[in-house]
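Trainee: Residue numbers (the numbering used here), protein chains in the order written: chain A, 11 to 261; chain B, 3 to 429. Don't be surprised by glycine CBs; every beta carbon is placed ideally from N, CA and C.
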Amino acid sequence: MLKIENLHVKLEEEDKQILKGVNLEVEAGKVHAIMGPNGSGKSTLSYVLSGRDGYEVTEGGATLEGEDLLELEPEERAAAGLFLAFQYPVEIPGVGNMTFLRTALNAQRKARGEEEMSAADFLKLIRAKAKDLKIDADMLKRPVNVGFSGGEKKRNEILQMAMLEPKMCVLDETDSGLDVDAMKLVSDGVNALRAEGRGFLVITHYQRLLDHIKPDVVHIMADGKIVKTGGPELALEVENNGYADILAEVA
Amino acid sequence: MGLPQEKLSALEARIAGLGLPQGGWSEAARADALSRLNAAGLPGRRDEYWKYTRPDTLVQPEAPEAAVLVTDEAPMFDGVDRLKIVFVDGVFDADASDDLTLDGVRIERLAEIADRDIHWGRELYGVLETRGQDPVARPLATLNTAFTTDGVVIHVTGTPSKPISLIYRHEDDRSDVMLHHLIKVDSGAEATILENGPAAARFNKVMEIDIADGGALHHVRSQGRDHDRRDATFTFARLGKESEFRSFTMTVNGVLTRNETVIELLGDDALAHVAGVCVGDGDNFHHDDTVFITHDAVNCESRQVFKKVLRNGATGVFQGKILVKPDAQKTDGYQISQSLLLDDDSQFLAKPELEIYADDVACSHGSTSGAIDEDQLFYLRARGVPMDQATDLLTLAFLAEAMEELADETLADHMLERLEGWLSRRR
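1) Please name the residue or residues paired with residue 209 (chain A) in a DSSP beta bridge.
2) Compute the Euclidean distance between the alpha carbons of residue 225 (chain A) and residue 252 (chain A), then round it to the nearest angstrom.
3) Bridge partners for residue 26 (chain A) per DSSP, in chain order?
4) Could you tell me which chain B residues have their CB closer than 7 Å to the CB of residue 89 (chain A), listed as they occur along the chain?
5) Between B:240, B:227 and B:292, which has its C-alpha nearest residue 281 (chain B)'s C-alpha?
6) Using a Cβ cut-off of 8 Å, pull out every chain A residue sitting near residue 383 (chain B), in sequence order please.
7) Can you give, in chain order, each stretch of the alpha helix (DSSP H) that sits fully within the segment 32 to 81 of chain B and has at least 4 residues?
8) So if DSSP puts residue 205 (chain B) in a beta bridge, which residue, or which two residues, is it bridged to?
9) When we look at the beta-carbon of residue 170 (chain B) and count the other beta-carbons within 10 Å, is it buried (16 or more) or exposed?
10) So residue 399 (chain B) contacts chain A; which residues on that side make the cut at Cβ distance below 7 Å?
11) Could you give the DSSP three-state label for residue 239 (chain B): helix, strand or coil?
12) By the DSSP assignment, the alpha helix (DSSP H) with residue 392 (chain B) in it spans what residues?
13) Per DSSP, what kind of secondary structure is residue 287 (chain B) in: helix, strand or coil?
14) Quick check on residue 250 (chain B) - is its C-beta less than 8 Å from some C-beta in chain A?
15) Which chain A residues sit within Cβ distance under 7 Å of residue 180 (chain B)?
16) Distance check for residue 371 (chain B) and residue 350 (chain B), CA to CA, integer angstroms please.
17) Where does residue 3 (chain A) fall in DSSP's three states?
18) By Cβ distance below 6 Å, which residues in the same chain neighbour residue 310 (chain B) in space, the five residues on each side in sequence not counted?
19) What is the rounded straight-line gap between the Cα of residue 30 (chain B) and the Cα of residue 150 (chain B)?
20) Any beta carbon from chain A within less than 8 Å of residue 395 (chain B)'s own beta carbon?
21) Counting only runs that start and end within the segment 206 to 252 of chain A, where is the beta strand (DSSP E) found for 3 or more residues in a row?
22) Find out if the Cβ-Cβ distance for the pair residue 218 (chain B), residue 245 (chain B) is shorter than 8 Å.
23) Anything in chain B within Cβ reach of residue 117 (chain A), meaning under 7 Å, just list it in chain order.
24) Buried or exposed: residue 156 (chain B), going by 16 or more other Cβ atoms within 10 Å of its Cβ?
25) Does the distance from the CB of residue 172 (chain A) to the CB of residue 151 (chain A) come in under 8 Å?
26) Could you pull the DSSP bridge partners for residue 144 (chain B) from this structure?
27) Would DSSP call residue 254 (chain A) helix, strand or coil?
28) For residue 207 (chain A) and residue 92 (chain A), I'd like the C-alpha separation in whole angstroms.
29) Could you have a look at residue 145 (chain A) and say whether DSSP puts it in helix, strand or coil?
30) Give a yes or no on whether the minimum CB-CB distance between residue 402 (chain B) and chain A is below 8 Å.
31) Check each candidate in B:229, B:220 and B:117 and name the one with the smallest Cα separation from residue 69 (chain B).
32) Take residue 41 (chain B) as the anchor and find which of B:139, B:314 and B:374 has the nearest alpha-carbon.
33) When you compare only the Cα positions, how much space is there between residue 273 (chain B) and residue 303 (chain B)?
34) Could you work out which residues of chain A lie near residue 378 (chain B), taking near to mean beta carbons separated by less than 7 Å?
35) What is the rounded straight-line gap between the Cα of residue 50 (chain B) and the Cα of residue 141 (chain B)?
36) Residue 103 (chain A) and residue 364 (chain B) look like a contact to me (Cβ under 8 Å); what is the Cβ gap, rounded to whole Å?
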């Protein structure tokens, strides 16, 4: 599904190398987690995959179902099936949440040569999905993320994911700013989307999210590289011993 | 003290071809206007009030040529039930206009009433225009009072069932037009006035509005998008106790527009909202909103909300003032002027002013100028919305606060359609 090969990335503005040869493959139907200390390059990886400005790929590449992701505009990557759940969802005053979602959904459909969804079908669908995530009608009507609490913003990200039905979901620190109840709600939302044809890359600093979203594979990232890969037990090791032990071990 | 030679020559050249209409009640008002004009002269490039907008083409004797735009767009407000009054290059078109009778309002024309011996228009014609000359002179409005021969004269006595729609058509590349409208709203009466243009190659318009206690007037205007047209418009409004005046203007292109709005809140608990949305394209696009609101009564509310979207070197200007007189306690004044610059070549010049002499007031003002927010743009694109569509969505979002000042949803939809058309023509 998602294949990252020897990916080297530096910041465009300062000559600073952030990713130094990342190799990773997420298979359809699997959940991979990336853990790592602050500054290891986890969020950079998510931004580079989704096409944010400001990064320069100096070596290597990334493909989604064989298609070169890095050649595509951000909107083309989305239409190809990539979804990034933002660590800090952006507020957009003046654009209603529903308008935003409907515009996005139909833009993707149009890009794929599919028919646009009618207003009635869209409404029916979003009501059902919103209900599962305990998102009320008021939140749907309000401008995108404006005045939302941290938990509401993250739930809104998952709602978008549920509506857009991507093939490959990248979740960037989705647990940050969530209390226990919100974490449960968000995780349930993600778990409901787990499916045979869909891959997940869950980026997190802490193990606790992985109690709820059980990964198949866990990677440890440090200084711009994947330094260790293992099963779910690797996450527990981090929880118990911190990153220092693992990093010392691979050094 | 006479005028400087330069101003004197400019004034003489401008009025050389104009005749001062004689007879009737209006004769004295016109004579007075001419003498005020002789004292003030026309706006010049060095006048402080014209620092950001060059008045040359508004002042010169001949109107610069303005091609008539050929478009297959549906006319503005098409399908809205309204009483139509049509002026073609400033000339009243009886055939295209509706019958001017409507319950709750009496509609006449300046050309019909100006030479009568007596008419209520005498108490309004040039009166608010004269009041509006202090503390800043507005000589183009005075020129209008002196020489204009037509316009509508509307007396709102009740609540007419539909809006009164002034439709301006531009058919002559060189037309130079002045119109002067009078609107008197009786106590407890309420009406809506629509205006849409373009009116001429060059248009000088004065509207004097007198709203009695408890009266309300809604003014909704769309200035036409003929690329080379020039507009100088003046809206003078005087508000009585518990009265309401709301004015909304959308401007799409046009080479030069100067919209001056002068409002006096003279009765307690009155409300005045004036809002403008402007979108402009190209380095010869220039749009100027100049607003002066005077609070001279207790517990009045005023809002100025102006948003401009500028691209390809366009220029936007905002000069807005709130003056709060010593006895105007409990004033609630708000003023915001913002521009969205879609490229580095466009510019926005703003001069927001507050002058407050009362001590128990709440006045706020803000002015900003910025580009499309990169984070918002990326967020939309990451969800699959293409660059152009995302930019349009954010542009309309930027205009939202001003659009919300237009409470009538049908009219707002008409405006929105024009804005979307403008956005789509970028590509």
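Mentor: From the atom records:
1) The count along the first sequence starts at 1 and reaches residue 209 (chain A) at position 199. Residue 209 (chain A) is bridged to A:178.
2) If you number the first sequence from 1, residue 225 (chain A) lands on position 215. If you number the first sequence from 1, residue 252 (chain A) lands on position 242. Roughly 19 Å between the two C-alpha positions.
3) Sequence index remark: in the first sequence, residue 26 (chain A) carries index 16 (1-based). DSSP output for residue 26 (chain A) lists A:21 as bridge partner(s).
4) The residue given as residue 89 (chain A) occupies position 79 in the first sequence. What residue 89 (chain A) touches in chain B: 386.
5) Translated into positions along the second sequence, residue 281 (chain B) becomes position 279. Ranking B:240, B:227 and B:292 by Cα distance to residue 281 (chain B) puts B:227 first.
6) Translated into the one-based positions of the second sequence, residue 383 (chain B) becomes position 381. Within chain A, the residues near residue 383 (chain B) are 61, 83, 84, 85 and 88.
7) 58 to 61
8) Counting from one through the second sequence, the residue named residue 205 (chain B) turns up at place 203. The partner list for residue 205 (chain B) (beta bridge, DSSP) reads B:179 and B:233.
9) Walking along the second sequence from the start, residue 170 (chain B) turns up at place 168. Per the 10 Å Cβ criterion, buried.
10) Position 397 of the second sequence, counted from the first residue, corresponds to residue 399 (chain B). Going along chain A in sequence order, the residues near residue 399 (chain B) (Cβ under 7 Å) are 102, 103, 104 and 105.
11) Counting from 1 along the second sequence, the entry for residue 239 (chain B) is found at position 237. DSSP places residue 239 (chain B) in strand when its eight states are reduced to three.
12) By 1-based counting over the second sequence, the position of residue 392 (chain B) is 390. Residues 389 to 405.
13) Here residue 287 (chain B) refers to the residue found at position 285 when the second sequence is read from its first residue. Coil, per DSSP.
14) In the second sequence, counting from the first residue as 1, residue 250 (chain B) sits at position 248. No, no contact with chain A.
15) For this step, residue 180 (chain B) is matched to residue 178 along the second sequence. Ordered by position in chain A, no residue passes the 7 Å Cβ test against residue 180 (chain B), which lies about 38 Å from the chain.
16) Taking the second sequence and counting its residues from 1, the one referred to as residue 350 (chain B) is at position 348. Taking the second sequence and counting its residues from 1, the one referred to as residue 371 (chain B) is at position 369. Roughly 7 Å between the two C-alpha positions.
17) Examination of residue 3 (chain A) is not possible in this model, given that chain A is present from 11 through 261 alone.
18) Locating residue 310 (chain B) in the second sequence gives position 308, counting from the first residue. Excluding sequence neighbours, residue 310 (chain B) sits near 280, 318 and 341.
19) Here the question's residue 30 (chain B) lines up with position 28 in the second sequence. Here the question's residue 150 (chain B) lines up with position 148 in the second sequence. Cα to Cα, residue 30 (chain B) sits roughly 14 Å from residue 150 (chain B).
20) Within the second sequence, residue 395 (chain B) is the residue found at index 393, counting from 1. Yes, its Cβ sits closer than 8 Å to a Cβ of chain A.
21) 209 to 214, 227 to 232 and 235 to 240
22) On the second sequence, residue 218 (chain B) is found 216 positions in, with the first residue counted as 1. On the second sequence, residue 245 (chain B) is found 243 positions in, with the first residue counted as 1. Yes, the pair counts as a contact, with Cβ atoms nearer than the cut-off.
23) Taking the first residue of the first sequence as 1, we reach residue 117 (chain A) at position 107. In chain order: 386, 387, 388 and 391.
24) As a position in the second sequence, residue 156 (chain B) is number 154, starting the count at 1. Residue 156 (chain B) should be labelled buried.
25) In the first sequence, residue 172 (chain A) corresponds to position 162, counting from 1. In the first sequence, residue 151 (chain A) corresponds to position 141, counting from 1. No, Cβ-Cβ distance for residue 172 (chain A) and residue 151 (chain A) is not below 8 Å.
26) Walking along the second sequence from the start, residue 144 (chain B) turns up at place 142. The partner list for residue 144 (chain B) (beta bridge, DSSP) is empty, contrary to what the question assumes.
27) Mapped onto the first sequence, residue 254 (chain A) falls at position 244. In the structure shown, residue 254 (chain A) sits in a helix (DSSP, three-state: H, G or I).
28) Position 197 of the first sequence, counted from the start, is the residue given in the question as residue 207 (chain A). Position 82 of the first sequence, counted from the start, is the residue given in the question as residue 92 (chain A). Their backbone Cα atoms lie some 13 Å apart in a straight line.
29) Reading the first sequence from its first residue, position 135 is the one you call residue 145 (chain A). Residue 145 (chain A): coil per DSSP, three-state reduction.
30) On the second sequence, position 400 is the one that residue 402 (chain B) refers to. By this cut-off, residue 402 (chain B) is an interface position.
31) As a working note, residue 69 (chain B) is residue 67 in the second sequence. It is B:229 whose Cα lies nearest to the Cα of residue 69 (chain B).
32) Here residue 41 (chain B) corresponds to residue number 39 of the second sequence, with the count starting at 1. Of the candidates B:139, B:314 and B:374, the one whose C-alpha sits nearest the C-alpha of residue 41 (chain B) is B:139.
33) Sequence index remark: in the second sequence, residue 273 (chain B) carries index 271 (1-based). Sequence index remark: in the second sequence, residue 303 (chain B) carries index 301 (1-based). Near 5 Å, if we compare the C-alpha coordinates of residue 303 (chain B) and residue 273 (chain B).
34) As a first step, residue 378 (chain B) must be located in the second sequence, where it is residue number 376. By Cβ distance, chain A contributes 100 and 102.
35) Position 48 of the second sequence, counted from the start, is the residue given in the question as residue 50 (chain B). Position 139 of the second sequence, counted from the start, is the residue given in the question as residue 141 (chain B). Distance between the alpha carbons of residue 50 (chain B) and residue 141 (chain B): 13 Å.
36) What you label residue 103 (chain A) is simply residue 93 of the first sequence in a count that begins at 1. What you label residue 364 (chain B) is simply residue 362 of the second sequence in a count that begins at 1. No, residue 103 (chain A) and residue 364 (chain B) are not in contact; Cβ-Cβ is about 23 Å, not under 8 Å.
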